[in-house]
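K.L.:
Quick mapping for you: the protein sequence lines, in order, are chains A and G. Residue 1 is where the first sequence starts when you use UniProt numbering, and the numbers rise one by one after that. Residue 1 is where the second sequence starts when you use UniProt numbering, and the numbers rise one by one after that. Just so it is clear, CB atoms sit at the ideal spot from N, CA and C, and this is done for glycine as well.
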Amino acid sequence: MVKKLRYTNALAVLLMVAGLSAPALAGSEDVVVENAWSRASIGVNRPGAAYMTVRNTGEDAVTLTGLATPLAMMPEIHESKTNSDGVSSMVPAGEITIEPGQSVALEPGGLHAMLMKLQEPMTEGETFPLTLTFSNGGEVTVEVPILGIAARGPEG
Amino acid sequence: MQRRQLVLYGAAGAGFLGLTLFVGWWRVDGPGAPEPKGQRPLPLSAMEFRLTDHEENEVGPGNLIGRPTMVFFGFTYCPDVCPTTLSDISGWLEELGDEASEMNVVFITVDPERDTVEAMAEYVGYFHPVIRGWTGPEDQIARAAEGFRASFERVPTEGGGYTMNHTASVFLFDAEGELVTMIDYHEPREFAVPKIRRALTEDVEGAT
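#1: Whose Cβ in chain G lies nearer than 7 Å to the Cβ of A:T82?
#2: Closest Cβ-Cβ distance between G:T163 and chain A: below 7 Å?
#3: If you draw a straight line from the alpha carbon of A:G156 to that of A:A40, how long is it in whole angstroms?
#4: Can you look up G:E153 in the DSSP assignment and give me helix, strand or coil?
#5: Would you check if the stretch 143-153 of chain G and the stretch 161-172 of chain G touch, i.e. whether three or more CB-CB distances between them fall below 8 Å?
#6: Excluding sequence positions up to five away, which residues of its chain have a Cβ less than 7 Å from the Cβ of G:E146?
#7: Find the residues of chain G that neighbour A:G58, judging by a C-beta separation of less than 9 Å, and give them in chain order.
#8: Using the Cα positions of A:R152 and G:T85, report the straight-line distance between them to the nearest angstrom.
#9: With a threshold of 16 other CB atoms inside 10 Å of the CB of A:T69, please say whether the residue is buried or exposed.
#10: How about A:E107 and A:Y51: do their beta carbons lie closer than 7 Å?
#11: Which same chain residues, not among the five before or five after A:A49, have their C-beta less than 7 Å away from its C-beta?
#12: Whole angstroms is fine: what's the gap from G:Y9's alpha carbon to G:R149's?
#13: In chain G, which residues lie with their C-beta within 9 Å of the C-beta of A:S135?
#14: Pull out every residue of the stretch 121-136 of chain G whose Cβ sits closer than 7 Å to any Cβ of chain A, in chain order.
#15: May I have the straight-line CA-CA distance separating G:P79 from A:P92, to the nearest angstrom?
#16: Quick one: what's G:L44 bridged to in DSSP?
#17: What's the gap between the Cα of A:I146 and the Cα of G:P83?
#18: Nearest-angstrom Cα distance between G:L179 and G:P43?
#19: Using only the alpha-carbon positions, how far apart do G:G13 and A:G110 sit?
#20: Please report whether the beta-carbon of G:Y9 lies at a distance below 7 Å from any beta-carbon of chain A.
#21: Between the Cα of G:G160 and those of A:G58, A:I96 and A:K117, spot the shortest distance and give me the residue it belongs to.
#22: Assuming the contact rule is C-beta atoms closer than 8 Å, A:T65 and A:S135 should be a hit. Round their C-beta distance to whole Å, please.
#23: Looking at the C-beta of A:M122, does it have a partner C-beta in chain G at a distance below 7 Å?
#24: Since G:R189 and G:E95 are thought to touch, with beta carbons under 8 Å apart, how far apart are those beta carbons, to the nearest angstrom?
#25: By a C-beta neighbour count over all protein chains shown, 10 Å radius and 16 as the cutoff for buried, is G:S90 buried or exposed?
#26: Identify whether G:M120 lies in helix, strand or coil by the three-state DSSP scheme.
#27: So, is the C-beta of G:P36 closer than 7 Å to a C-beta in chain A?
#28: Is the beta carbon of A:V104 closer than 7 Å to that of A:V62?
#29: Would G:F171 and G:P61 qualify as a contact pair, given that the criterion is a beta-carbon distance under 7 Å?
#30: Give me, in chain order, the residues of the same chain whose beta-carbon lies closer than 7 Å to that of A:P100; leave out the 5 immediate sequence neighbours on both sides.
#31: The beta strand (DSSP E) with residue 209 of chain G in it runs from where to where?
#32: Quick check: is the beta carbon of G:P112 nearer than 7 Å to any beta carbon in chain A?
#33: Three Cβ pairs or more, each shorter than 8 Å: is that satisfied between the stretch 108-115 of chain G and the stretch 81-89 of chain A?
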């Protein structure tokens, strides 16, 4: 058990180093990620969520295809929807294309980075790296601050 | 002759308008309305269910009568909609200030399998202290949801787990347990807070 844990930690560190070195990759210099934030978790059993605005400042459309983070084994972009009867549901959002000059908001009640299979609890006051991958092979890594569990926005 | 024509057109117009209104009524409020989702929640006094609050007290709809009440459904393994609703409600309660302590505010889980009394206690502890968390056997939760005309459904996820679809509206009742109104999911504070104030004042007027 102890051995297994140690192995997982080593893997996490390895992944984190890989994640932090990601911004050096080409093809994503036109993508700006702003106002990233997330809520603290209770333990690791519940999925976490992170929010941000992804802006395409370039001349060409970009397509956001996936996420990676050492914090969670299964990070995915999901979308919450509420139908006319007031029933909320959540589905994987698939690929998201951002036209030149446009931005996509990941915000409560809509698109969000869902962090499934947390490797460690999300603790208020800490940050974690989140890498956004794009269809052209580009990547952008952003440090996401972890706010309180009752936070309502990037300001807390 | 011209006048007669005018009257005729007028009558036809009025008839058409009447028919339109009738069709509208039929489809929205009348026998043609979709059942049961379009129905209003029952008064609290007409509901029957037994649950346990996050401090292990036996509770039911009867406990809510006597004070204005806010009820909503959710589950603690919900990463987006539920913490957002809970923090929205916490914000509304902060704005109400002292008045908030005159209300019942209840979060009923739709996921009793994972939301035990202990899980609910830990979770609600992070939000406004007025908020109570209720859980219990699945059949009792189903009866509660039926009373509120709320729905929930278990949906498997690809990782082998599951998530819950559920009604995300907030139900507002006056002190006598009659529905005042509902607050939609993520409704802006400037609309939500006056609605809550209405439930609080109906408490005074509702003495008749």
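P.N.:
To lay it out plainly:
#1: One-based indexing of the first sequence puts residue 82 of chain A at position 82. The answer, in chain order, is A168 and Y185.
#2: One-based indexing of the second sequence puts residue 163 of chain G at position 163. It does; some Cβ of chain A falls within 7 Å.
#3: As a first step, residue 156 of chain A must be located in the first sequence, where it is residue number 156. As a first step, residue 40 of chain A must be located in the first sequence, where it is residue number 40. Looking at the two C-alpha atoms, the distance is approximately 11 Å.
#4: In the second sequence, the residue the question calls residue 153 of chain G occupies position 153. In this structure, G:E153 counts as strand in the three-state DSSP scheme.
#5: yes
#6: Your numbering for residue 146 of chain G matches position 146 in the second sequence. Answer for G:E146: no residue qualifies.
#7: Numbered from 1 along the first sequence, position 58 holds the residue referred to as residue 58 of chain A. By Cβ distance, chain G contributes nothing, its closest Cβ being about 29 Å from A:G58, past 9 Å.
#8: Taking the first sequence and counting its residues from 1, one reaches residue 152 of chain A at position 152. Taking the second sequence and counting its residues from 1, one reaches residue 85 of chain G at position 85. Taking the straight line joining both Cα atoms gives about 10 Å.
#9: The residue you call residue 69 of chain A lines up with position 69 of the first sequence. Per the 10 Å Cβ criterion, buried.
#10: As a first step, residue 107 of chain A is located in the first sequence; it is residue number 107 there, counting from the start. As a first step, residue 51 of chain A is located in the first sequence; it is residue number 51 there, counting from the start. Closer than 7 Å, so yes.
#11: As a working note, residue 49 of chain A is residue 49 in the first sequence. So the list reads S38, R39, H112, A113, M114 and L115, once near-sequence residues are dropped.
#12: Within the second sequence, numbered from 1, the residue matching residue 9 of chain G stands at position 9. Within the second sequence, numbered from 1, the residue matching residue 149 of chain G stands at position 149. Taking the straight line joining both Cα atoms gives about 44 Å.
#13: Taking the first residue of the first sequence as position 1, residue 135 of chain A is located at position 135. The premise fails here: A:S135 is roughly 21 Å from chain G at the closest Cβ pair, so nothing lies under 9 Å.
#14: E122, Y123, Y126 and F127
#15: Locating residue 79 of chain G in the second sequence gives position 79, where the first residue counts as 1. Locating residue 92 of chain A in the first sequence gives position 92, where the first residue counts as 1. Whole-angstrom Cα-Cα distance: 13 Å.
#16: Counting from one through the second sequence, the residue named residue 44 of chain G turns up at place 44. DSSP, once it has assigned bridges, lists no residue as partnering G:L44.
#17: Here residue 146 of chain A refers to the residue found at position 146 of the first sequence. Here residue 83 of chain G refers to the residue found at position 83 of the second sequence. Each residue's Cα considered, the two are about 14 Å apart.
#18: Within the second sequence, residue 179 of chain G is the residue found at index 179, counting from 1. Within the second sequence, residue 43 of chain G is the residue found at index 43, counting from 1. Looking at the two C-alpha atoms, the distance is approximately 6 Å.
#19: What you label residue 13 of chain G is simply residue 13 of the second sequence in a count that begins at 1. What you label residue 110 of chain A is simply residue 110 of the first sequence in a count that begins at 1. Approximately 44 Å between the Cα atoms of the pair.
#20: As a working mapping, residue 9 of chain G is identified with position 9 in the second sequence. Not an interface residue.
#21: Your numbering for residue 160 of chain G matches position 160 in the second sequence. Taking the Cα of G:G160 as reference, the smallest distance to any Cα among A:G58, A:I96 and A:K117 is reached at A:K117.
#22: The count along the first sequence starts at 1 and reaches residue 65 of chain A at position 65. The count along the first sequence starts at 1 and reaches residue 135 of chain A at position 135. About 5 Å; that satisfies the 8 Å criterion.
#23: Translated into positions along the first sequence, residue 122 of chain A becomes position 122. Judged by the 7 Å Cβ criterion, A:M122 is not in contact with chain G.
#24: Locating residue 189 of chain G in the second sequence gives position 189, where the first residue counts as 1. Locating residue 95 of chain G in the second sequence gives position 95, where the first residue counts as 1. Indeed they touch by this definition, with Cβ atoms about 7 Å apart.
#25: Taking the second sequence and counting its residues from 1, the one referred to as residue 90 of chain G is at position 90. With 16 or more other CB atoms across the displayed protein chains lying within 10 angstroms of its CB, G:S90 is buried.
#26: Numbered from 1 along the second sequence, position 120 holds the residue referred to as residue 120 of chain G. Looking at G:M120 - three-state DSSP - the assignment turns out to be helix.
#27: Counted from its first residue, the second sequence places residue 36 of chain G at position 36. For G:P36, the predicted model reports a pLDDT of 48, less than 50, meaning its position is unreliable and no value from the coordinates is stated.
#28: Counting from one through the first sequence, the residue named residue 62 of chain A turns up at place 62. Counting from one through the first sequence, the residue named residue 104 of chain A turns up at place 104. In this structure, A:V104 does not lie closer than 7 Å to A:V62 by Cβ.
#29: Numbered from its first residue, the second sequence carries residue 171 of chain G at position 171. Numbered from its first residue, the second sequence carries residue 61 of chain G at position 61. Against a cut-off of 7 Å, the Cβ pair of G:P61 and G:F171 comes out as no contact.
#30: Reading the first sequence from its first residue, position 100 is the one you call residue 100 of chain A. Excluding sequence positions up to five before and after A:P100, its CB lies within less than 7 Å of the CB of N56, G58, E59, D60 and A61, all in the same chain and listed in chain order.
#31: Nothing about residue 209 of chain G can be read from this structure; chain G reaches only from 1 to 208.
#32: Here residue 112 of chain G is taken as the residue at index 112 of the second sequence, counted from 1. Closer than 7 Å: no.
#33: no
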